[in-house]
Amino acid sequence: MSQHVPPIEAPEHPQALLAAPATPASETPASETPPSNTPAEKPRSGRRRALYLVALVLLLAGAFFWYHASSAAAASKKADGAKAGKGDGAAIPVVAAQVQTGSIGVYVTGLGAITPIATVTVRSRVDGQLMAVHFKEGDIVNEGAPLIEIDPRPYQAIVEQTEGELTRDQALLANARVDVTRYETLLKQDAIPEQQLATQRATVSQLEGTVKNDQGLLDAAKLNLLYCHISAPITGIVGLRLVDAGNIVHASDTNGMLVITQLQPMSVIFTVSEDQLPPILQKIHAGQKLPVEAWDRELKNKLATGVLATVDNEIDQTTGTLKLRAIFDNRNHELFPNQFVNARLLVQEKTGVTLLPSAAVQRNSQSTYVYLIKPDNTVTVRPIQLGTTEGDQSEVTSGLMPGDKVVMTGGDKLQEGTRVVLHAATNQSGT
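Heads up: the sequence shown begins at 6 in the numbering used here, then just goes up one per residue.
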């Protein structure tokens, strides 16, 4: 007799057949509900994780492709911009300068000070009361102009007294000479002894000495009288007055009454290095007059132009420098005593050299170069060699020819082959 077996219900998820072993129906009560963490729930969790992983991979892949697409677009845009930069529509405006032939000077610059050729402190040479002052502070006085009057009356009295003594002694001398002539006649007649004539001759010699002494005293008295009238010993400018009228001055006073400083001509004493001395001495020994320019402290304004006058006779061993003196006319009083200046001595004048503005010169760690403008208005980097640089001009010894055009401003935006437009052409010749 056959046994009836109840049918087995198919599971909700076919995968469960693979995940869970079969359980006999007799061991599982029909009323029992499986718990939530049964093996039937585990496939669901695994599938979610797989889905999350796939989504993450797709997200990363999308970000990767988006980054590379953006980089490619930026590179393409940059390349297009660079390509457009070489076109006429995007040409870079620059200021150009033309290389020319001209002259440039080789200068030696030294620090110096304006030193007057003559400075006189006026002092009294006699004692007396200062009666009058004929100048004002800061006046320019000429040589021989009256400055100060000292009371002359005491010295005038001495002059008159000495003149009286001189007149008396001259009369005595004349009488003694007459006696000598008379005694010579009597001696021939044997009327007097010879000793009397000799004594008279000695008296004449003595009186001659007295007259000469009186004459010297008179000259000294007249000189002291002259010293009462003080005049300007040189032409120059008067400084601050040191005494006033009414004061008693003495010849022994250490302080003067005024100071006069010569302004025309004026000199500048400056120093140069001993290494710069040989070409200077060579020019001096050849009889050449070397021009010297006096500039202000900042080397912005030229004050005056003069010539080199002399060179000191020894080098200062502590500094290795030598002093030079230059003379300036100073007609307009541009130079003032003790003023600090920069002296520029022209040693050589180079003519017929190639010049360009110093602003056009570019430099890096390897070379010195310029941006040369080609006929098609593109630029190329041209290495150059420089010689003398003076002011805003530089001598080019190699790399450029007269007539070449170079970029003076705007070079920071340029590279090899960049197209430019001449915004404002300038002429910066050194002549």
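Every residue, glycine too, gets a C-beta built ideally from N, C-alpha and C.
Pairing F140 with V243 gives a Cβ-Cβ distance under 8 Å. The Cβ atoms of L377 and D397 lie no closer than 8 Å to each other. Taking 8 Å as the cut-off, the Cβ atoms of E298 and K305 do not count as close.
Leaving aside the five residues that flank Q390 on each side, the residues in its chain whose CB is nearer than 8 Å to its CB run, in chain order, T373, V401, T402, S403, G404. Under the criterion of beta carbons closer than 8 Å, L177 and L212 qualify as touching, at roughly 5 Å.
For P159, the enclosing alpha helix (DSSP H) has its first and last residue at 158-193. Across the set H234, I285, P157, G261, the C-alpha of H234 shows the shortest separation from the C-alpha of A150. With 16 or more other Cβ atoms from the protein chains shown falling within 10 Å of its own Cβ, A331 counts as buried. Counting C-beta pairs with one atom in each stretch, the segment 113-121 and the segment 414-423 have fewer than three that are closer than 8 Å, which means they do not touch.
By the Cβ-count criterion, A102 is buried, with 16 or more other Cβ atoms from all chains shown falling within 10 Å of its own Cβ.
With a 10 Å radius around the Cβ and a threshold of 16 neighbouring Cβ atoms, S129 comes out buried. Judged by DSSP secondary structure, N218 falls within the alpha helix (DSSP H) whose first and last residues are 199-232.
Of all C-beta pairs linking the segment 349-367 to the segment 94-114, three or more are shorter than 8 Å, placing the two stretches in contact. Here the segment 220-236 makes contact with the segment 144-159; the two share three or more CB pairs at distances below 8 Å. Contact between the segment 188-205 and the segment 163-180 is not established, with fewer than three Cβ pairs separated by less than 8 Å. Secondary structure of F70 (DSSP, three-state): helix. With fewer than 16 other Cβ atoms from the protein chains shown falling within 10 Å of its own Cβ, T204 counts as exposed. Boundaries of the alpha helix (DSSP H) around Q287: 282-290. DSSP, read as helix, strand or coil, puts G416 in helix. At a Cβ-Cβ threshold of 8 Å, T326 and V277 count as neighbours. Beta-bridge pairing by DSSP links F333 to M271. The DSSP-derived three-state label of L391 is strand. Burial of A365 is indicated by the presence of at least 16 other C-beta atoms within 10 angstroms of its C-beta.
Burial is judged here by how many other beta carbons sit within 10 angstroms of a residue's own beta carbon; T423 has at least 16 and is buried. With contacts defined as CB atoms closer than 8 Å, L230 and Q161 qualify as a contacting pair. Annotated three-state conformation of A250 is coil, per DSSP. Look at S129 here: in three-state DSSP terms it is coil, with no helix or strand label. Comparing C-alpha distances from I274 to each of D280, Q267, D317 shows the shortest one belongs to D317.
In the structure shown, R302 falls within a coil segment according to DSSP collapsed to helix, strand and coil. The residue from L223, L295, A137, V164 with its alpha-carbon nearest to that of L351 is L295. Contact between G292 and P98 is ruled out by a C-beta separation of about 53 Å, above the 8 Å threshold.
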